[in-house]
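K.L.:
Following this message is one structure expressed as structure tokens.
Numbering (this note's numbering), first residue to last: 71 to 538.
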């Protein structure tokens, strides 16, 4: 699920700044700040950056207090606090990025880039220098989510024990290649560590199989066999058909399994007669576990050097899980009801002290701020939350056991809700509010539209819910 907010005249500088800071969130499972009193410090503390900027703002004391509380409670803080800060201080930073303030603008961007580079370097160096971690460190890094921290520590021990002479760079590479997937609709919540990569196969398969990796599609338009897409020759015999060409290539090289990032034509599946297994819509992340020369785009490029002999195994605790001996995976079983609760909580305040206090700051004093802006913001927030949960319920049948969920949506939902509230709170007055689809300037806008006056500028805010 994704949400988008489009605002006219949004500063390109602000977009660039948020992009820089958001890059820190790409690896939110490892980029954590652990208190310097510990023997292990994962990430330099973003509170220092906030204090050094010395910005005067109504939210400033709130931010400092809540971040320090969070930092002290968990012996560290999350790098996501950087994003909280820049979103909250949107107005102030936008003034600094005025076109007449080129010197200040350049100075801030240079400082940010240096800070991010230094932080990443500190994280990497400290990770290398402190390889022998204990379980307590993993508890703190995982914010005391014991189910996940215990299994992550098991992964770490596996890395160390598998190669007694393991080098630092190799350990980091293995952590980078570690897959994390979530299964929903299960009886209990638990985590498993699997020494391999899960493949979405809905049938039992064991042993070594000759496998090819195709980064593309297998369709009738000839793309998969190297022909020009526009060149469709008239078939004069069965042997000239595209299906015959494909099957003859697969038969020639005795291929057992085809892993494909795209889709596979149903005609080919039907004529295959279960001689080999076709697995489509494979994540490219799985392909990254193999060397580039094993990945082909066209079947005509295949040769013995492109063919992999992969060992397919069943997980002993769950025969429905098939994996290959390549890479490593953490799998988390989550009941659907628990998944809704998790996403609900993350949407409201993302399980963090800062978000929780900001939520209270805006709405606990609602009685003292009975303006239309406050009422409108509150109603929109509840409406978005209601739609979010309802869409999960409406699409419950899509959450099958072998459907992967990367949990990114909870971060998108949280970020959008905070941005939406922040922008609405800045509106001077509501000019027009619509709850139905309308055509505005030739464009159809669905859901709620708010045409408002903000600092003598007409601002159109639209927010739409994209279905799962």
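Note that beta-carbon positions come from the ideal geometry of N, C-alpha and C, so glycine has one too.
1. Identify which residue in 288, 260, 331 and 278 has its Cα closest to the Cα of residue 370.
2. By Cβ distance, which residues of its chain are closer than 6 Å to residue 285, with the 5 residues on each side in sequence left out?
3. Helix, strand or coil: which one does DSSP assign to residue 361?
4. Smallest Cα separation from residue 324: which of 361, 280 and 355?
5. Excluding five sequence neighbours on each side, which residues of the same chain lie with their C-beta closer than 8 Å to the C-beta of residue 349?
6. Under 8 Å by Cβ, that's how I've got residue 228 and residue 265 pegged, so tell me the actual separation to the nearest angstrom.
7. Reducing DSSP to helix, strand and coil, say where residue 454 ends up.
8. Going by C-alpha to C-alpha distance, which of 283, 250, 282 and 341 sits closest to residue 311?
9. My guess is that residue 379 and residue 394 are in contact by the Cβ rule of under 8 Å, so how many angstroms apart are they, rounded?
10. State yes or no: is the C-beta of residue 262 within less than 8 Å of the C-beta of residue 351?
11. Please look up how many angstroms separate the CB atoms of residue 252 and residue 358, rounded, as I've assumed it's under 8 Å.
12. List the DSSP bridge partners of residue 279.
13. Where DSSP assigns a beta bridge to residue 253, which residues make up the other side?
14. Could you give the distance in angstroms between the alpha-carbon of residue 247 and the alpha-carbon of residue 217?
15. Output the boundary residues of the alpha helix (DSSP H) element that contains residue 220.
16. Do you know offhand how far residue 259's Cα is from residue 219's?
17. If we ignore side chains and look at the alpha-carbon of each, how far apart do residue 333 and residue 346 end up?
18. Excluding sequence positions up to five away, which residues of its chain have a Cβ less than 7 Å from the Cβ of residue 320?
19. Work out the CA separation of residue 354 and residue 372 for me, nearest whole Å.
20. Using beta-carbon positions only, say whether residue 244 and residue 398 come within less than 8 Å of one another.
21. Whole beta strand (DSSP E) runs in the region 311-375 with 3 or more residues, listed along the chain?
22. For residue 221 and residue 278, what's the separation of their Cα atoms in angstroms?
23. Contact defined as beta carbons within less than 8 Å: I believe residue 363 pairs with residue 374. What is the distance between those atoms, to the nearest angstrom?
24. Where do the N-terminal and C-terminal ends of the beta strand (DSSP E) with residue 389 fall, by residue?
25. Hey, how far is the Cα of residue 204 from the Cα of residue 225?
26. Taking the straight line between their C-alpha atoms, what separation do you get for residue 249 and residue 267?
27. Which residues does DSSP pair with residue 263 in a beta bridge?
28. Would residue 377 and residue 230 be called neighbours here (beta carbons separated by less than 8 Å)?
29. Could you compute how far the alpha carbon of residue 344 sits from the alpha carbon of residue 360?
30. So, with DSSP's three-state summary, where would you put residue 248?
31. Output the distance between the C-alpha atoms of residue 318 and residue 241, rounded to the nearest integer angstrom.
32. List the DSSP bridge partners of residue 288.
33. Out of 215, 356 and 335, which has the shortest C-alpha to C-alpha gap to residue 396?
34. Nearest to residue 391 by CA position, among 322, 273, 404 and 232, is which residue?
P.N.:
In short:
1. 288
2. 331, 365 and 367
3. coil
4. 280
5. 269, 270, 271, 327, 328, 329 and 330
6. 7 Å
7. Summary for residue 454: the model assigns pLDDT 46, below 50, so the residue's position carries little reliability; its value from the coordinates is reported in the next sentence. Note: residue 454 maps to helix in three-state DSSP.
8. 341
9. Actually they do not touch by this definition, with Cβ atoms about 11 Å apart.
10. no
11. The Cβ separation is near 20 Å, so there is no contact.
12. 380
13. 403
14. 21 Å
15. 216-232
16. 14 Å
17. 16 Å
18. 346
19. 19 Å
20. yes
21. 327-330 and 347-349
22. 28 Å
23. Not really, about 12 Å apart at Cβ, beyond 8 Å.
24. 388-394
25. 12 Å
26. 7 Å
27. 400
28. no
29. 26 Å
30. strand
31. 42 Å
32. 334
33. 356
34. 273
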